[in-house]
Amino acid sequence: DQQVKQNSPSLSVQEGRISILNCDYTNSMFDYFLWYKKYPAEGPTFLISISSIKDKNEDGRFTVFLNKSAKHLSLHIVPSQPGDSAVYFCAARFSGGGADGLTFGKGTHLIIQP
Amino acid sequence: ETGVTQSPTHLIKTRGQQVTLRCSSQSGHNTVSWYQQALGQGPQFIFQYYREEENGRGNFPPRFSGLQFPNYSSELNVNALELDDSALYLCASSTPGSSYNSPLHFGNGTRLTVT
């Protein structure tokens, strides 16, 4: 049973436009959410996070939105750049669950077209 | 600042064998966790070590075991290897104190192939 779902395996966006990556979760206990970016042959790199007490967090070109009632979060990248081409993983955890680790989605491969 | 380093980068083993993977955590990080990433999947949590003790575990059988050393480096041991153990194994470290809301810093992983 997948608790974190990224339903788009891939997404193609033109350079300079907005990239929107989506993520849904089923476990209502999750209260902390993160996005990681992964290039081939490298480990995932932390991008941005959001706590469930917020509905938006912004860091430069990256903004994460959280809709708790819909159990949905999204990552917006504006403007998209060629270096943004990578696999993006959504991850979640329950802070009160001790050392339970992160639950990841399967990832979305973002391709930025020149 | 030294990041998370893992060794070896690639490994080929035969079914039934045992394997040890190694990880040096980022400087100043005392919490280490291990993840398994199968092809086409997201990373799956194996376990976490804090102060040399396992303090969290995912849904993996006991043949997956680990160690953390006083210098915070860590090992992942897998016994009786199965074909499905073929995956990228990622080590991650996090900052001192509570790791609950501290982002994990990942190494580049060890690619294990079981034949």
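Protein chains in written order, with our numbering: chain A, 10 to 123; chain B, 5 to 119. Ideal placement from N, C-alpha and C gives every residue a C-beta, glycine not left out.
is_contact[residue i, chain A] using C-beta, thresh 9 Å
{"i": "F68/B", "result": "no"}
{"i": "H109/B", "result": "yes"}
{"i": "L87/B", "result": "no"}
{"i": "A96/B", "result": "yes"}
{"i": "G32/B", "result": "no"}
Residues that residue i bridges to, as DSSP identifies them
{"i": "I120/A", "result": "S21/A"}
{"i": "D68/A", "result": "F71/A"}
{"i": "V8/B", "result": "Bridge partners of V8/B: none, in fact."}
{"i": "S69/B", "result": "N81/B"}
{"i": "V118/B", "result": "K17/B"}
{"i": "R102/A", "result": "Y41/A"}
{"i": "P35/B", "result": "It is Thr, not Pro, that sits at residue 35/B in the sequence shown. T35/B pairs with Y54/B and S98/B."}
Helix, strand or coil at residue i [DSSP, three-state]
{"i": "C27/B", "result": "strand"}
{"i": "G60/B", "result": "strand"}
Proximity winner among the options, relative to residue i (alpha-carbon distances)
{"i": "S78/B", "options": "A84/B, D89/B, S28/B and H109/B", "result": "S28/B"}
{"i": "L82/A", "options": "R70/A, P49/A and S60/A", "result": "S60/A"}
{"i": "K77/A", "options": "I27/A, K14/A, Y34/A and S58/A", "result": "Y34/A"}
{"i": "A84/B", "options": "V36/B, R55/B and P65/B", "result": "P65/B"}
{"i": "P88/A", "options": "L43/A, I121/A and K63/A", "result": "I121/A"}
{"i": "A96/B", "options": "G60/B, V118/B, N75/B and Q52/B", "result": "Q52/B"}
C-beta neighbour in chain B for residue i, strict 9 Å
{"i": "Y67/A", "result": "The sequence shown places Glu at residue 67/A, rather than the Tyr named in the question. No, no contact with chain B."}
{"i": "F55/A", "result": "yes"}
{"i": "V13/A", "result": "yes"}
* Along the segment 79-99 of chain A, what residues have a CB closer than 8 Å to any CB found in chain B? -> So the close ones are F98.
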